[in-house]
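Chains as they are written, first to last, in our numbering: chain A, 1 to 375; chain B, 1001 to 1366. Using N, Cα and C, we set each Cβ at its ideal position, and we do this for glycine too.
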């Protein structure tokens, strides 16, 4: 009998546990998908949030009609990002929910001032997903955040889809929030961010090129070609699409285009006080276009094509390395390699001063695996 | 005081040597070793496994010399009244380890999951759950551990394996530390990750046959050491040894960046937390039981079940004592740094005294 009463008491206790302190109903949440950060002229930080209009998106699915607007933006200025974010709470009726934050865009002027202090909150606040993708605006982040795209999809998700597709990893290399925060705290390796801009005529985003940093400050932007060479030099290129004129060969293929994958190994050599780096780039790819429509290639002709590509790529890669050295941006990770392989030499040197003048040699081997003739 | 009369076979005892140890060990791994050894801090757990071996051997030799006795009873048999005092010290240190590590995990739940829920509610729910598990006795605890072991380990190993995609091997280099003394220091800094293996000193009398202990303890130790090394390699390889030190719970941060786009559980961190908290709860139940059993033997009043509930308010106040995460981390580091003196050195000292004084327990006591 005693146990029955105890059991009944426990059952009744359940009525007291109808919820918890941390409950936040989904219809009471304002979901943030993209966040922009800009520097203001008076030294403050401006935060812009992109918030999808859930009803509008669902109406589109039901009626198959494109909605007029898929999102809205809210902004706030304060002395720091978190202060600005807290201020944004008062601009919405619901709880701002950052669990689905997919994209963070930094304004160029803010990035030039340094991201160390600005990105600190990304690591500290557990509700912010560390996988959110980081981008650099080619100008003001708020302008990117507030732009509607021609497909009338939620822009933050369009950017996310773009960067998550491996087929597009040629002119921009995605970087997650945790990688950015780790990178700005590293003293042996510099970071980069993919650059995003808006094309007003076609109402679309263009994601190409990377902004390179020295420690936490933006010091330059790499061009399309340099970004592709950066992909080769770091082994990040999985589906690069270089195009060149095979003018030095006798094959006469006109302009040729390739699909290329890179496998790169970098070595550091220390000989007494002398330091040098060797970047060994192995490329393999396929010929996807020849403007002279040549289909039958002999072994010698393939070899000539490979040689021409090797020379061209090597020359472009050397230019990219020199540009990075001029900018003093060690995005290639030479400093980290030196620390790992030659810790004594690394401790002896002032890497910030050494990197711009360190001799770098690039070796390129291109293997044309498919000429596209047998399709 | 009624004595628990039960026996555990080899396959039920093995999970007690793995799940509780792993759950507590992962809390701060590999930060303590990395702070000393830098990029090759992943060697710390391997060296720690060698350091604790004499302690484990002493626990086994004592159990053979004093069949059916826990370390508390062995202490009394060997040292007399002094053994009661050392037994109390042994239990106080173990309660401190249990409470501070429990507070650490409660802080983690508070920081990541239940931000608005008052901490004392999390602590109370956690403590009552662990107390309930502890009050069910060693056999039930062993069966729960056995039930959980395979799925929990499968999830953990899977998470470590997929986290390797984010690793950069240059971050775990150079392989050799320039200062040889760092190896010993790094090993000592990682000894805490095996503390719950030392709790065998309180539960070994239940293992049948006792002679299986060296085999299963050795195997478990080897498994744990290898797992810890891979785990540490992965964590250091992802974040680098300097940046890693900023994390309160590096184990969680290791899997945090990994996600499965568009799948049910997008974030691996959540999966890790669920798995880990389940392991810690069961591990704490085992530790709680062992301490309660020791308390009943040192006091000779009440059985372990009553001690489970007597200790509950004491543990609650001890867990609530640190004011914040930083204070908790300082105390956790302190008990992690010096706990080995009681957990692994005390059995060695007891065994040496027993050998010198030629003391043995009654042969038919088991």
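query, result
"So, does the stretch 304-316 of chain A touch the stretch 262-272 of chain A, judging by three or more C-beta pairs under 8 Å?", "no"
"If we cut at 7 Å on Cβ distances, does residue 1173 of chain B have a partner in chain A?", "yes"
"Which whole runs of the alpha helix (DSSP H) in the stretch 122-167 of chain A are 4 residues long or more, in chain order?", "141-145, 155-164"
"How would you write the range of the beta strand (DSSP E) that residue 72 of chain A sits in, first residue to last?", "71-78"
"Look at the Cβ atom of residue 1177 of chain B, then the Cβ atom of residue 1037 of chain B, and state whether they are nearer than 7 Å.", "yes"
"Looking at the strands, I want to know which residues DSSP matches up with residue 37 of chain A.", "A:47, A:106"
"Could you check whether the Cβ of residue 1259 of chain B sits closer than 7 Å to any Cβ belonging to chain A?", "yes"
"Less than 7 Å separating the beta-carbons of residue 1100 of chain B and residue 1331 of chain B?", "yes"
"Note down the Cα distance separating residue 1079 of chain B from residue 1300 of chain B, rounded to an integer number of angstroms.", "17 Å"
"Short of 8 Å Cβ to Cβ, which residues in the stretch 69-88 of chain A face chain B?", "none"
"Which residues does DSSP list as the beta-bridge partners of residue 29 of chain A?", "A:95"
"To the nearest angstrom, report how far apart residue 181 of chain A and residue 1210 of chain B are at their CA atoms.", "52 Å"
"Is the CB-CB distance between residue 177 of chain A and residue 130 of chain A below 7 Å?", "yes"
"Could you have a look at residue 264 of chain A and say whether DSSP puts it in helix, strand or coil?", "strand"
"Let me see if you follow: with CB-CB separation under 7 Å, is residue 241 of chain A close to chain B or not?", "no"
"The alpha helix (DSSP H) spanning residue 1220 of chain B covers which residue range?", "1213-1239"
"Within 10 angstroms of its Cβ, does residue 1171 of chain B collect 16 or more other Cβ (buried), or is it exposed?", "buried"
"Which same chain residues end up closer than 6 Å to residue 1305 of chain B when comparing Cβ atoms and leaving out the 5 residues on each side of it in sequence?", "1135"
"Considering only residues of the same chain and omitting the five flanking positions on each side of residue 1041 of chain B, which have a CB-CB separation below 7 Å?", "1030, 1033, 1034, 1186, 1232, 1236, 1241"
"Would DSSP call residue 1068 of chain B helix, strand or coil?", "coil"
"Cβ closer than 8 Å: which chain A residues qualify as neighbours of residue 1256 of chain B?", "130, 178"
"Tell me which same chain residues have a C-beta within less than 6 Å of the C-beta of residue 92 of chain A, skipping the five on either side of it?", "30"
"Rounded to whole angstroms, what is the Cα-Cα separation between residue 1245 of chain B and residue 1127 of chain B?", "29 Å"
"Mapping the DSSP letters down to three states, classify residue 240 of chain A as helix, strand or coil.", "strand"
"By DSSP's criteria, residue 269 of chain A is part of a beta bridge. Which residues make up the other side?", "A:276"
"Can you give me the Cβ contacts of residue 1019 of chain B inside the same chain, cut-off strictly under 7 Å, excluding the 5 residues immediately before and after it?", "1145, 1148, 1149, 1152, 1279, 1282, 1283"
"Can you grab the Cα-Cα spacing for the pair residue 1212 of chain B / residue 1255 of chain B, in whole Å?", "36 Å"
"Between which two residues does the alpha helix (DSSP H) harbouring residue 1298 of chain B extend?", "1268-1299"
"Taking 7 Å as the CB-CB cut-off, is residue 337 of chain A touching chain B?", "yes"
"For residue 194 of chain A, name the three-state secondary structure that DSSP assigns.", "strand"
"Of all the options A:110, A:225, A:343, which has the alpha carbon lying nearest to the alpha carbon of residue 323 of chain A?", "A:225"
"Applying the 10 Å Cβ sphere with the 16-neighbour rule, what's the burial state of residue 375 of chain A?", "Summary for residue 375 of chain A: the model assigns pLDDT 49, below 50, so the residue's position carries little reliability, and this model does not support an answer."
"In the DSSP output, which residue or residues are listed as bridge partners for residue 1092 of chain B?", "BP columns for residue 1092 of chain B are empty, so no partner."
"Quick check: is the beta carbon of residue 350 of chain A nearer than 7 Å to any beta carbon in chain B?", "no"
"Of the residues B:1163, B:1228, B:1315, B:1197, which one's Cα is nearest the Cα of residue 1268 of chain B?", "B:1163"
"Exposed or buried, which one is residue 161 of chain A when buried takes at least 16 other CB atoms within 10 Å?", "exposed"
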